[in-house]
Every structure is written in C-alpha cells, then in structure tokens.
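Colleague: Please read through the structure below; I'll follow up with questions.
Chains as they are written, first to last, in my numbering: chain C, 4 to 188; chain A, 576 to 712.
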C-alpha cells in the first residue's frame, strides 16, 4: 500500500496514461483536454457572437465529464494519497530555484511563490498566472491540441502535424524556462 | 449511467497525473532544465503504449464498445499553426507549469490560484476564436 502514497514511477504512470487514451478510443471518442476550453466558451453562449464557438458542444459533453472525473481524482490523490516524500526533484533544480527566490517543494506539488492563496494579493503573480493561461488557451487552440491531444494521441497515431506541435511545445517551454523565467523571478 | 465510464476514466487520469507529479510545476521546470528523466519517461511510455494499442486496433480491426469501427481522427493540415501555436502553448506551459488537463485537476484538488490560469485559458481560447480568420494556418 505504501507505493500508492509515494511518487508513482514513470513507467507505471506512462502506461496508465496510454491506457486512459486507449479506453477513450475504445469508447468511440478521442483524447484531448484543451478542446474542453472551447466547449466551455460555447456553453456560455459565445456561439451567437463568434462563429468558432457556434458548434454542437453538447456532443462534447462526455469530455467535460472526463474533466469532472479528473478533478475528483486530483482531489482524492492530493488529500488522501500524498506523503512528505513526494516531488523529490533533482537537488540541482532546487538550488537553481532557490537562487530565483522560489521555495523548495518539501512534498508540495506547487511552489508557494506562484500558487499559495497569498498570490491573490500580488498583482505581479495574478498577471503571471493570467498571461500563462492566455498563452495556453490561445496556443492550444491555434495548434488545435495540447499535451494530451498532440503529444499523446497525435504521436501515438503517428501524425506529422502533432510532431510539429510537440516540437513547438518544447521550443516554447525551453525558451520560457531558460531565458524568461530568470527575468521574471 | 452512460456518464459513469467517463467519470471513472477521468478519475483514474486525475489520480495518475497527480501521483506521477505531471501536474507539478516543479516537475515541468525540472523537465525543461533537463535535470530529470521522470517526465520524459512518462511521455515516452504513454506514447509507446498508445502506438502499440492503436496498431493492435488497426490490424485486428477491433470495434469500439458499441460495435462501430474505430477511426483515428486526422489532425487538420497546415504548418504555421502547429509551430506558432505550439510555441505559444509551450511558453505558457513552462510559465505556469500546467497544461489544460492539470489546470482542472489542480483546481479539483483545491488550488484556487489555478482559477486565474483557467480564466486566462478561457480568454485565450476566446481570443483565438475572434481573430482566427486573420491568422495564417
């Protein structure tokens, strides 16, 4: 049982993520999280004003249910399946983060510097989180997919467009982590 | 009851992403700094599992649970959209350490600042919908 509380190894986790995608394919669906953002926009009635959101989002309700399940899973995993040994990242990474003024994990999933409730009092943190969100929302729709739709589903079905997108994800991520984050923090 | 199977699959997805720490800002940073194999291992094993599964489905002509043929949905053609959209998403991914799945998973776990990320992501999606026709794809 101890293993449930520790960090799950990459080979177990990767296999299970692959099986989640294959289950959805077996249910006659596809695997992609970012399209839910479009559905949520459509649900709010934007389809009357913007053509891109004028589609049958009700046919995508199953995916919103997957998201709901994922939220429940996140709740259970964080509150009932965690222990202090979690998020044991490379000590070199911790040292670099300390230099940037970002707190070490010590079992936490997220740094307080960006995700404690104190950020609601910090205009800079609010700005960072919203800008990050905009890049994610705009980028995934422009590229028509995110890590699940392109990196996992797209590459698993050997599609060239997904390879371009995934290379793009890493170019953007490397630029942010190596050159922009040090300027922000 | 049709919804139950999607809840269950989503539930497992949420637990796996949390317990593998793929939802962790730290793990994403560590990955982009090339200081751990963990995230690369997860992504590679997920793809290998997917490639093998999809090949089995294709070769054995496996039907879905309702008996319909399984079709893999092809991505739209184009190039610029994948490069530029991909890079923009990558910038956001490394900044807030979450892709769309983890945004929802972390919100479910009770990390309220993710509300700001979700708000941004919905606004970004809206923005794309508005200027889509003016963009090269």
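Backbone N, C-alpha and C fix where the C-beta goes; we use that ideal spot for every residue, glycine too.
Are any of the Cβ atoms in chain A nearer than 8 Å to that of residue 110(C)?
Modeller: Sequence index remark: in the first chain, residue 110(C) carries index 107 (1-based). Not an interface residue.
Colleague: Taking the C-alpha atoms as reference points, what is the distance between residue 618(A) and residue 168(C)?
Modeller: Position 43 of the second chain, counted from the start, is the residue given in the question as residue 618(A). Position 165 of the first chain, counted from the start, is the residue given in the question as residue 168(C). C-alpha separation (whole angstroms): 15 Å.
Colleague: Are any of the Cβ atoms in chain C nearer than 8 Å to that of residue 711(A)?
Modeller: One-based indexing of the second chain puts residue 711(A) at position 136. By this cut-off, residue 711(A) is not an interface position.
Colleague: Indicate whether the contact test is met: 3 or more Cβ pairs, each with one atom in the segment 77-89 of chain C and one in the segment 100-118 of chain C, closer than 8 Å.
Modeller: These segments touch.
Colleague: Quick one, which residues of the segment 642-657 of chain A are near chain C if we go by CB-CB under 8 Å, in chain order?
Modeller: Against chain C - using a Cβ distance shorter than 8 Å - the residues of the segment 642-657 of chain A are 643, 645, 647, 648, 649, 650, 651, 652, 653, 654, 656 and 657.
Colleague: Kindly indicate if chain C contains any beta-carbon less than 8 Å away from that of residue 635(A).
Modeller: Your numbering for residue 635(A) matches position 60 in the second chain. No, its Cβ sits nowhere closer than 8 Å to a Cβ of chain C.
Colleague: So which residues on chain A does residue 43(C) lean against when the C-beta distance must stay under 7 Å?
Modeller: If you number the first chain from 1, residue 43(C) lands on position 40. In chain order: 697.
Colleague: When you check each C-beta in the segment 86-105 of chain C against every C-beta of chain A, which residues fall closer than 8 Å?
Modeller: Cβ contacts with chain A come from 89, 90, 92, 93, 95, 96, 99 and 100.
Colleague: Rounded to the nearest angstrom, what separates residue 623(A) and residue 125(C) at their Cα positions?
Modeller: Locating residue 623(A) in the second chain gives position 48, counting from the first residue. Locating residue 125(C) in the first chain gives position 122, counting from the first residue. Cα to Cα, the separation comes out at about 43 Å.
Colleague: So with Cβ pairs under 8 Å, would you call residue 46(C) a contact of chain A?
Modeller: Walking along the first chain from the start, residue 46(C) turns up at place 43. So no, residue 46(C) is outside the interface.
Colleague: Residue 73(C) touches chain A at which residues, Cβ-Cβ below 8 Å?
Modeller: Taking the first residue of the first chain as position 1, residue 73(C) is located at position 70. What residue 73(C) touches in chain A: 585, 586, 588, 589, 592, 676, 679, 680 and 683.
Colleague: Chain A beta carbons: is any one of them nearer than 8 Å to that of residue 147(C)?
Modeller: Residue 147(C) sits at position 144 when you count from the first residue of the first chain. Cβ-Cβ to chain A under 8 Å: yes for residue 147(C).
Colleague: According to DSSP, is residue 164(C) helix, strand or coil?
Modeller: Position 161 of the first chain, counted from the start, is the residue given in the question as residue 164(C). Helix, per DSSP.
Colleague: Measure the Cβ-Cβ separation of residue 682(A) and residue 24(C) and say whether it is below 8 Å.
Modeller: Here residue 682(A) refers to the residue found at position 107 when the second chain is read from its first residue. Here residue 24(C) refers to the residue found at position 21 when the first chain is read from its first residue. No, these two residues do not count as a Cβ contact at 8 Å.
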